[in-house]
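**Q**
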Amino acid sequence: MEKNNKFKKFIKKDGFYVVLFICLCIVATVAAFTAKKITKPIPKAPVADASVEINEVDKMPKTQVPDASLVKKDQTKDNAAKTTDKAKSVSNIAKVTFVAPIDNAAISKAYSTVPVITQKDSTTKRNLHGVNLEAKVGTNVNAAADGKVVEAGDSNDLDLGYYVKIKHADQSSTVYGNLAPELKVKVGDTVKQKQPIGKVGDTAKIYDKELFGEFLLFQIYNSKDEEQNPKNYIQSLMIKK
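Numbering (UniProt numbering), first residue to last: 1 to 241.
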């Protein structure tokens with residue numbers, strides 16, 4: 001009983017302090033636990049290796065921006081090459097020099113754009129092409145320049161008769177008419193200057209023999225297929241007096 005009374009007296013006298021002490025202990029315990037939890041290191045998210053990323057970037061294909069000065073130089077070189085090629089192609093077109101298809105032949109009918117009478121007993125005038133070179137039937141006719149035969153045979157034209165047409169390196173062409181039917185070349189043949197291609201004949205029936213005699217009809221056309229005066233190309237051709 002005495003102990004109980006002492007305890008009761010103690011509680012009454014110092015109970016407040018006991019409770020306060022207990023509360024402080026509780027608070028201290030909670031504070032210590034909380035502080036420990038807060039100070040616990042937070043795990044960090046894994047950071048990608050920067051060196052790996054840099055290496056991967058380096059491996060990615062790079063778009064190269066062309067240097068303006070280099071581009072200009074390349075364009076200049078291309079232009080120069082094109083100019084050179086163009087100059088070469090022009091220089092490769094050889095200048096064609098013509099010779100008379102019959103040696104020492106005179107012009108019996110000069111080049112003219114004025115229509116002429118072709119038959120003795122006719123008043124009809126015709127436009128005649130090229131020049132007539134005086135030559136006996138059977139006289140050899142030679143190529144005036146190197147070239148390729150592009151037409152040959154009977155023209156079915158009274159103005160031309162049997163003929164040969166040769167295309168030359170500069171795209172000009174020569175025509176040899178009033179030939180004998182027995183031609184010495186055919187279409188596709190390559191001929192050399194002064195190579196025989198046929199003989200003078202009597203197949204251009206539009207011409208009256210009394211007016212024109214025996215002759216070779218000779219024509220020259222430029223690269224645009226425009227008829228030219230043969231005498232302007234072959235100075236040795238002389239007009240018969």
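Even for Gly, the Cβ is constructed at its ideal location relative to N, Cα and C.
Using the three-state DSSP reduction, which class does ALA110 fall into: helix, strand or coil?
**A** For the purposes of this step, residue 110 is taken as residue 110 along the sequence shown, with counting starting at 1. Annotated three-state conformation of ALA110 is coil, per DSSP.
**Q** Nearest to ILE117 by alpha carbon, out of TYR207, PRO196, LEU216?
**A** On the sequence shown, position 117 is the one that residue 117 refers to. Looking at the Cα atoms, TYR207 is the closest of the given residues.
**Q** Mind listing, in chain order, the continuous alpha helix (DSSP H) runs of no fewer than 4 residues lying wholly within the UniProt domain "M23ase beta-sheet core" (129-229)?
**A** 209-212
**Q** Which same chain residues end up closer than 8 Å to ALA100 when comparing Cβ atoms and leaving out the 5 residues on each side of it in sequence?
**A** Indexing the sequence shown from 1 puts residue 100 at position 100. The residues are LEU133, ALA144, ILE234, SER236, LEU237.
**Q** Do VAL149 and GLY201 come within 8 Å of each other at the CB atom, strictly closer than that value?
**A** Here residue 201 corresponds to residue number 201 of the sequence shown, with the count starting at 1. Here residue 149 corresponds to residue number 149 of the sequence shown, with the count starting at 1. No. Outside cutoff.
**Q** Mind checking whether ASP154 and TYR162 have CB atoms under 8 Å apart?
**A** Working through the sequence shown from its first residue, we reach residue 154 at position 154. Working through the sequence shown from its first residue, we reach residue 162 at position 162. Against a cut-off of 8 Å, the Cβ pair of TYR162 and ASP154 comes out as a contact.
**Q** Identify every residue that forms a DSSP beta bridge with VAL116.
**A** By one-based count along the sequence shown, residue 116 stands at place 116. BP columns for VAL116 point to ARG126.
**Q** Can you list, in chain order, the residues of its chain whose CB lies under 7 Å from that of TYR221, leaving out five sequence neighbours each side?
**A** In the sequence shown, the residue the question calls residue 221 occupies position 221. Only SER172, SER173, GLU227, GLN228 meet the Cβ criterion.
**Q** Would you mind working out which of ARG126, LYS165, ASP103 sits nearest THR113, comparing C-alpha positions?
**A** Residue mapping note: residue 113 aligns to position 113 of the sequence shown, counting from 1. Of ARG126, LYS165, ASP103, the residue nearest in Cα terms is ARG126.
**Q** Consult DSSP for ILE234 and reduce its assignment to one of helix, strand or coil.
**A** Along the sequence shown, one-based indexing puts residue 234 at 234. The answer is coil: DSSP assigns ILE234 none of H, G, I, E or B.
**Q** For THR203, which of ALA106, VAL137, THR29, SER122 has the nearest alpha-carbon?
**A** Along the sequence shown, one-based indexing puts residue 203 at 203. Ranking ALA106, VAL137, THR29, SER122 by Cα distance to THR203 puts VAL137 first.
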